[in-house]
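S.K.: Encoded as structure tokens, here's the structure I'll be asking about.
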Amino acid sequence: GDGEIRMYIDNIPFDRAYMPHWEEFISAINEYQHTLKCVNKDVRYVRYRTCLSLFNMELPNRVLDSLSRGLETTHFESISLHNNSFGENGIDFLLSYMQNNPILEKLHLGENPIDKSDDFDQLCEMVQEHPSLEHIELIGCNGEELNGFEMLCSIINVGSKKLKEIDLTDNGISTGGSTFLSDFLATNPILKRLTLVGNRFNDEDATLIAAALKHNTNLISLDLQENDMMTRVGWEALYKAEFDDTSLNSAADSNHMCQIDDLNELTEMDGREQNRKGVVSKKIYSVLSSRNKECSNVQHLDDVPIEFLPEMLTSIQKHSDYHLLPGFSVPRRDDDDVKALSVLYEIMMRWDKAVSVFESFCT
């Protein structure tokens, strides 16, 4: 069965005439708990089997009180409240729901500013204590007393050992030169996805994050789009962290798990976790292929003993087949890649050591 309830309204303000309909809806939700218990718990590729989403609708105190009663024993794995104009009372409702719902895994709060620091502190405490929460989205929630960077630090501090996904889009986050975020990422926490769209990160922040990614093998998605203070300098630092094509060694030593959104398509995995072996091979072969177009591969082989020639040729063929590896999420073949035979021919015909071996067999 389907465990989703979604309501989207085009910013219509509350009217008392709607209250009977709200009561009917809440009564239905209360009855729906029996259906939720029957939702197939073996559904694959569904992140949250049961979800309640209320978007673009005003939720005054009367509605919140009724919702609190209706949801007291009706538990969803995901709840999304977006642009509801509910203020402090809405935060109280949310905290109460989190406390009463032990199976909640995802919390989305969007365009509902948290004006008081005390309310945010209570939310952080609830995040830390909640038994199953692992995904939090606070989008455009920094209110009058909240500093965006303090929000980031607090969420990381309370969720460093439990949160797998954090989205703090549009919260005016500026680090002021602090290395807190990069230091955190360098510890290789369990965090899988970090979204920081539309904040105030700059080139210095990007460079620090890029350095941290060299020590991180858990993060699979980092989104820094629409940070207008970041220039090409910052983006290039991030690109180098994901794929440093300076040499074969630097390509192999790059971060092979994290996809930096809107940066490059080299490791794009259609939103699924990446096949690390395939990504490594794709990057290495990309370097070989680019060099082959200029016939420059041989310039980098002077320090390679000729005894390694068979292994080298075998390795080139292996890396060229990155798109044929078994399993899910294998990288797509790059149309710009040359054929493996072209690279092999270049090495055999242009590398002096290989040529001498070749000639010895021919005489």
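Under my numbering, the first residue of the sequence shown is numbered 1, with each subsequent residue one higher.
Cβ atoms here follow ideal geometry from the backbone N, Cα and C, with glycine treated the same way.
I'd like the list of long-range same chain contacts for residue 43, defined as Cβ closer than 7 Å, with 5 residues on each side in sequence excluded.
M.R.: Here residue 43 refers to the residue found at position 43 of the sequence shown. Unreliable positioning characterises residue 43 in this predicted model, as indicated by a pLDDT of 48, which lies under 50. A coordinate reading is not provided.
S.K.: Beta-carbon within less than 8 Å of residue 244's beta-carbon, same chain only, minus the 5 sequence neighbours each way: which residues are those?
M.R.: Locating residue 244 in the sequence shown gives position 244, counting from the first residue. 250, 251, 253, 254, listed in sequence order.
S.K.: Can you tell me where the beta strand (DSSP E) with residue 106 in it begins and where it stops?
M.R.: Along the sequence shown, one-based indexing puts residue 106 at 106. Per DSSP, residue 106 belongs to the beta strand (DSSP E) from 106-110.
S.K.: Indicate the three-state DSSP secondary structure (helix, strand or coil) for residue 137 in the structure shown.
M.R.: Here residue 137 corresponds to residue number 137 of the sequence shown, with the count starting at 1. Looking at residue 137 - three-state DSSP - the assignment turns out to be strand.
S.K.: Got a sec, what are the start and stop residues for the beta strand (DSSP E) residue 56 sits in?
M.R.: Taking the sequence shown and counting its residues from 1, the one referred to as residue 56 is at position 56. Residues 50-57.
S.K.: Here's the rule: buried if 16 or more other CB atoms are within 10 angstroms of the residue's CB, otherwise exposed. What is residue 24?
M.R.: Within the sequence shown, the letter at position 24 stands for residue 24. Answer is exposed; the Cβ neighbour count stays below 16.
S.K.: Please state the DSSP three-state secondary structure of residue 82.
M.R.: Here residue 82 refers to the residue found at position 82 when the sequence shown is read from its first residue. Residue 82: strand per DSSP, three-state reduction.
S.K.: Can you give the Cα-Cα distance for residue 10 and residue 111, rounded to whole angstroms?
M.R.: Taking the first residue of the sequence shown as 1, we reach residue 10 at position 10. Taking the first residue of the sequence shown as 1, we reach residue 111 at position 111. Whole-angstrom Cα-Cα distance: 14 Å.
S.K.: Quick test of your reading: residue 72 and residue 14, contact by CB under 8 Å. State the CB separation rounded to the nearest angstrom.
M.R.: Walking along the sequence shown from the start, residue 72 turns up at place 72. Walking along the sequence shown from the start, residue 14 turns up at place 14. The pair is not a contact, with the Cβ atoms about 22 Å apart (cut-off 8 Å).
S.K.: Taking 8 Å as the cut-off, decide whether the C-beta atoms of residue 297 and residue 288 are in contact.
M.R.: Walking along the sequence shown from the start, residue 297 turns up at place 297. Walking along the sequence shown from the start, residue 288 turns up at place 288. Their beta carbons are under 8 Å apart, which means residue 297 touches residue 288 by this criterion.
S.K.: Compute the Euclidean distance between the alpha carbons of residue 83 and residue 20, then round it to the nearest angstrom.
M.R.: Along the sequence shown, one-based indexing puts residue 83 at 83. Along the sequence shown, one-based indexing puts residue 20 at 20. The alpha-carbon atoms of residue 83 and residue 20 are separated by roughly 22 Å.
S.K.: From which residue to which residue does the alpha helix (DSSP H) around residue 320 run?
M.R.: Numbered from its first residue, the sequence shown carries residue 320 at position 320. It spans 309-320 - the alpha helix (DSSP H) in which residue 320 sits, taken as one unbroken run.
S.K.: Between the alpha carbons of residue 131 and residue 159, how many angstroms are there, rounded?
M.R.: The residue labelled residue 131 in the question sits at position 131 within the sequence shown. The residue labelled residue 159 in the question sits at position 159 within the sequence shown. Between residue 131 and residue 159, the C-alpha separation is close to 12 Å.
S.K.: Can you tell me where the alpha helix (DSSP H) holding residue 119 begins and where it ends?
M.R.: On the sequence shown, position 119 is the one that residue 119 refers to. Taken as a continuous stretch (DSSP letters only), the alpha helix (DSSP H) holding residue 119 covers 117-129.
S.K.: Going by other Cβ atoms of all chains shown within 10 Å of its Cβ, with 16 needed for buried, is residue 63 buried or exposed?
M.R.: As a working mapping, residue 63 is identified with position 63 in the sequence shown. Buried, since its Cβ has 16 or more Cβ neighbours within 10 Å.
S.K.: Should the segment 203-210 be regarded as contacting the segment 140-149, the criterion being three or more beta carbon pairs within less than 8 Å?
M.R.: Short answer: they don't touch.
S.K.: Using the three-state DSSP reduction, which class does residue 166 fall into: helix, strand or coil?
M.R.: Here residue 166 refers to the residue found at position 166 when the sequence shown is read from its first residue. Reduced to three states, the DSSP call for residue 166 is strand.
S.K.: Measuring alpha carbon to alpha carbon, tell me which of 137, 97, 203 ends up nearest residue 113.
M.R.: Position 113 of the sequence shown, counted from the start, is the residue given in the question as residue 113. Checking every option, the nearest Cα to that of residue 113 belongs to 137.
S.K.: Look at the Cβ atom of residue 95, then the Cβ atom of residue 122, and state whether they are nearer than 8 Å.
M.R.: Reading the sequence shown from its first residue, position 95 is the one you call residue 95. Reading the sequence shown from its first residue, position 122 is the one you call residue 122. Yes, the pair counts as a contact, with Cβ atoms nearer than the cut-off.
S.K.: Counting Cβ pairs closer than 8 Å, one from the segment 314-324 and one from the segment 276-284, do we hit at least three?
M.R.: These segments touch.
S.K.: What first and last residue would you give for the alpha helix (DSSP H) that runs through residue 200?
M.R.: Here the question's residue 200 lines up with position 200 in the sequence shown. Note, residue 200: premise wrong, no alpha helix (DSSP H); not H, not E.
S.K.: Take residue 218 as the anchor and find which of 67, 344, 276 has the nearest alpha-carbon.
M.R.: In the sequence shown, counting from the first residue as 1, residue 218 sits at position 218. Checking every option, the nearest Cα to that of residue 218 belongs to 276.
S.K.: Express the C-alpha separation of residue 197 and residue 27 in angstroms, rounding to a whole number.
M.R.: By one-based count along the sequence shown, residue 27 stands at place 27. By one-based count along the sequence shown, residue 197 stands at place 197. So the alpha carbons of these two residues sit roughly 38 Å apart.
S.K.: In whole angstroms, what is the alpha-carbon distance linking residue 66 and residue 53?
M.R.: Translated into the one-based positions of the sequence shown, residue 66 becomes position 66. Translated into the one-based positions of the sequence shown, residue 53 becomes position 53. Spanning the two alpha carbons is a distance of roughly 16 Å.
S.K.: Might you give, ordered along the chain, the residues of its own chain that have their beta carbon closer than 6 Å to the beta carbon of residue 193, omitting 5 neighbours on each side?
M.R.: Taking the first residue of the sequence shown as 1, we reach residue 193 at position 193. So the list reads 165, 221, once near-sequence residues are dropped.
S.K.: For residue 223, report the span of its alpha helix (DSSP H) as first-last.
M.R.: Position 223 of the sequence shown, counted from the start, is the residue given in the question as residue 223. It is not in any alpha helix (DSSP H) - residue 223 instead sits in the beta strand (DSSP E) that spans 221-223.
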